[in-house]
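Structure record follows, encoded as structure tokens.
Protein chains in written order, with full-length UniProt numbering: chain A, 1 to 451; chain B, 1 to 451.
Right under this line is the structure:
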């Protein structure tokens, strides 16, 4: 492991020749000082150290690595047991030097950094460097150079990253299988969530994001788990695991509460699955991810025309963003240390230099617009949703008059939300579906639900 | 429910006659802006509103309640579904007026408040009030008056609070029973944690604090779950649930991995249980909690003298803090909306006016030093630990020379940590053990492990 960490640090210093300081951040108080949210180290820090150290910083300069962290106090030892000393941590991450955190003051001149998420450490960053951090300083600064260098590295994954992500995926797959099995006896969304997250916790992992486990999949970021499960409902579960080193997985499956899709549910499911399959088939290095998104849009539009829900030429419908009435989000995003990898940097990682978000309804939520490259991991997650805020919107009703067959749509009222999401590695020659061990076909899903 | 909330607000305004503003706080970013820690509203806000509203504030003045919160944006509706409007929330909590958050500026003059935990909202509090908040302003200010008034209210629990805490306890008991059952097949601490927390999540609750589930109970705040379970190990599980309205439970049990305590484990377990039972028997209104702590210390000292581990007169041993070599923490704490209730206020809630923490080794970690009062809920959690940082400390070895029989202690090497923790309500006439449905006797624990 230490070899790969050293390679990452070496590559970074080849890309930028100013000193670099990366902070890990601190645990954040929940309702009182001693009751903390589980600590999550900054992803950039994790990438170069491979250790979730709290309240630490590293300096990368002229090929040397210096660690800044305080030794545990006697009280720490009483309450938290023997914890590693600064020296042993330094050895573990391959640091050349190691000092108490206060010493950092002597090394901050001309250093580039990236803002951490926790406000207390962010304030320390401002104080130590005595200047604003990107994006509050001008774009020409060293922070942006550092950000671009880190994006270059983190956009594609080395063996260590891939090994970790495979571990996170394996556990997420087990969680989904457990969720399907639990549906037979569960009465509420919360019970299925408990069964799924229990699997993740049992493997000493954490949820990579707040799980979505709902019979109201049309609420895209639903984090309510109170609904009862009724026959005829579909359950949408978007649940991913994160390894102790911070690497994420991100999987969505949609299954029927009864264990059997209704004919209408199967019709729509097949459209979403077809979009999923065609996107994955089309992926290879050099292909634009935006075109993969548009292929999903086209496939969904075609399918909905075939069912009679949409009327018109599928290509024209996509031009008009009519697909987005039912598929309003993007086809996916980068996956890595963050479930939306490097989204702390805004669109800098997701969007190729010179590109910006579209203001089109059908493209504006696309989180990634780059050509695919070997070593990238992206999600492919088409969906179909009947979102009241969209379908009842008078502007849309006017704009898409004559395009939606409302009577036909009414026949599909038992399909509120379906999404199928896999994690896909781009390889030199094509792709590998990392989540392939969890089936997507409706028959296989039904079998898992009944197992 | 609204009646009790109104009673709470009425009582507060009877205790303090300045305007009061309480902020709820905001969700905190984990690794990027859209990936948030699960939101926890400020306990003081929850106490008076009964709703976990994000980014809201209330003003209490002259018997009226004013709510400040922004209406959901169209994007909120797309991603989060239909969320209640300001007006409907106002109605739900019984507010007389309701305005957008920005309006708060017009109501901040002379208002008292309490600092929230999340740094972003705390900064807003400073900006809006344009002054430092307690404890950074002088002790004579209105903030301290407000704090003391709230402590007066929250120290004892009304029916609504009690109902919620009973719910949290019921789920925590189920989690512990599941943990005991899971031990039969589990290989690691994490697997037992997954089984226990899965129960809490399945009931749509959250963990009230970071669970301790460990075969190294001697590490008092152990949050590592990676150890394998070996025959001969004891598992210490300190796991509590929190209801959606924020009310906590806090339970610890210790059970043998094999389902059967060894004779040495049972000897020590019986001492801890005897301390637990004697403390609970001695509790009633008017009794000093500090004396309950000292009774636990005495019982543990007596038990260790009987086993030959300590030598001397038990009362003298407690005077010398020798009990604290094996029981270094306090007998418990207040329980309510926070698992250490109102610990965000430092020792103001835990310590009766005029009292401060002792610097004695055997008393300094006591979190509560007040006479018991009807309506209080406290934990009773004696323990026995072989903490290397204590037992290998040369100062202690010197100070307690001749008091510890090291050869005898060595016979108990299979007891690294035992704690038994219940939640106890003080009533008008005595007490009620709210967690009584989860047995404490070693025989009953063995039966549960084998069920």
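All C-beta atoms in this analysis are idealised placements derived from N, C-alpha and C, irrespective of residue type, glycine included. Note that the coordinates shown come from a computational prediction; the quantities given were computed from them, not determined experimentally.
Taking the continuous alpha helix (DSSP H) assigned at residue i, which residues delimit it?
i, result
"residue 43/B", "43-49"
"residue 324/A", "No alpha helix (DSSP H) contains residue 324/A, which DSSP labels as neither H nor E."
"residue 198/B", "189-202"
"residue 29/B", "Premise fails: residue 29/B lies in the beta strand (DSSP E), 29-32, not in any alpha helix (DSSP H)."
"residue 361/B", "That residue, residue 361/B, is in no alpha helix (DSSP H); it is neither H nor E in DSSP."
"residue 299/B", "289-307"
"residue 65/A", "No alpha helix (DSSP H) contains residue 65/A, which is instead part of the beta strand (DSSP E) from 64-68."
"residue 79/A", "74-80"
Identify which residue in the options has its Cα closest to the Cα of residue i.
i, options, result
"residue 447/B", "144/B, 213/B, 256/B", "256/B"
"residue 36/B", "355/A, 210/A, 36/A", "210/A"
"residue 117/B", "110/B, 412/B, 133/B", "133/B"
"residue 337/A", "27/A, 40/A, 29/A", "40/A"
"residue 426/A", "289/A, 63/A, 1/A, 186/A", "289/A"
"residue 300/B", "387/B, 392/B, 322/B", "322/B"
"residue 16/B", "103/B, 146/B, 104/B", "146/B"
"residue 164/B", "343/B, 247/B, 274/B, 385/B", "247/B"
"residue 193/A", "204/A, 162/A, 229/A, 166/A", "229/A"
"residue 414/B", "64/B, 85/B, 232/B, 98/B", "232/B"
"residue 306/A", "409/A, 362/A, 222/A, 204/A", "409/A"
"residue 374/A", "253/A, 119/A, 279/A, 284/A", "284/A"
"residue 72/A", "59/A, 138/A, 54/A", "54/A"
Which residues mark the beginning and the end of the beta strand (DSSP E) in which residue i is found?
i, result
"residue 256/A", "251-256"
"residue 433/B", "431-433"
"residue 423/B", "422-426"
When the distance is taken between beta carbons, is residue j closer than 9 Å to residue i?
i, j, result
"residue 239/A", "residue 213/A", "yes"
"residue 334/B", "residue 287/B", "no"
"residue 422/A", "residue 276/A", "yes"
"residue 435/B", "residue 249/B", "yes"
"residue 52/A", "residue 69/A", "no"
"residue 400/B", "residue 325/B", "yes"
"residue 417/B", "residue 367/B", "no"
"residue 33/A", "residue 450/A", "no"
"residue 383/A", "residue 420/A", "yes"
"residue 390/B", "residue 81/A", "no"
"residue 45/B", "residue 23/B", "yes"
"residue 61/A", "residue 20/A", "yes"
"residue 347/B", "residue 357/B", "yes"
"residue 251/A", "residue 173/A", "yes"
"residue 6/B", "residue 94/B", "yes"
"residue 241/A", "residue 168/A", "yes"
"residue 66/B", "residue 122/B", "no"
Which bits of chain B does residue i rub up against, with CB to CB less than 7 Å?
i, result
"residue 30/A", "40, 117"
"residue 179/A", "Those do not exist, as residue 179/A stays about 11 Å from chain B at its closest Cβ, beyond 7 Å."
Note down, in chain order, every chain A residue with its Cβ under 8 Å from the Cβ of residue i.
i, result
"residue 193/B", "201, 202"
"residue 174/B", "Residues of chain A passing the Cβ test: none, with the nearest at roughly 11 Å."
Listing by chain order, which chain A residues have their CB less than 9 Å from the CB of residue i?
i, result
"residue 216/B", "81"
"residue 43/B", "31, 32"
"residue 37/B", "28, 30, 37, 38, 40, 210"
Just to make sure I have the definition right: I need the residues of chain B whose C-beta is within less than 9 Å of the C-beta of residue i. Which are they?
i, result
"residue 120/A", "119"
Would the C-beta of residue i count as close to the ligand MG, meaning under 8 Å from any of its heavy atoms?
i, result
"residue 176/A", "Among the components modelled here there is no ligand, and therefore nothing to report on the ligand MG."
Find the residues of chain B that neighbour residue i, judging by a C-beta separation of less than 8 Å, and give them in chain order.
i, result
"residue 190/A", "201, 202, 203, 204"
Taking C-beta pairs closer than 7 Å, name the residues in chain A that residue i reaches, listed in chain order.
i, result
"residue 87/B", "Result: empty, since nearest Cβ-Cβ is about 19 Å, beyond 7 Å."
Could you tell me whether the Cβ of residue i comes closer than 9 Å to any Cβ of chain D?
i, result
"residue 52/A", "Although the question refers to chain D, the structure presented lacks it and instead comprises the protein chains A and B."
The region 315-340 of chain B: positions lying closer than 8 Å to chain A by Cβ: Along the region 315-340 of chain B, going in chain order, the ones with a CB nearer than 8 Å to a CB of chain A are 328, 337, 338, 339, 340.
Interface positions of the region 62-79 of chain B facing chain A (Cβ-Cβ less than 8 Å), listed along the chain: Residues passing the 8 Å Cβ filter: 74, 77, 78, 79.
Proximal residues, the region 219-246 of chain A versus chain B, C-beta separation under 7 Å: Taking 7 Å as the upper bound on Cβ-Cβ separation, chain B lies near residues 219, 220, 221, 222, 225, 226 of the region 219-246 of chain A.
Positions along the region 373-391 of chain A whose CB lies within less than 9 Å of some CB in chain B: So the list reads 387, 388, 389, 390, given in the order they occur along the chain.
Contacting positions in the region 338-370 of chain B - beta carbon closer than 7 Å to chain A: Here the close residues are 338, 339, 340, 343, 344.
Contact residues within the region 413-425 of chain A, judged by C-beta distance below 8 Å to chain B: Cβ contacts with chain B come from no residue of the region 413-425 of chain A.
Contact set between the region 252-267 of chain A and chain B, restricted to residues whose Cβ is under 7 Å from the partner: Flagged: no residues at all.
Interface positions of the region 151-175 of chain A facing chain B (Cβ-Cβ less than 7 Å), listed along the chain: Hits within the stretch: zero.
Within 8 Å of chain A by C-beta, residues of the region 298-315 of chain B in sequence order: Residues: none.
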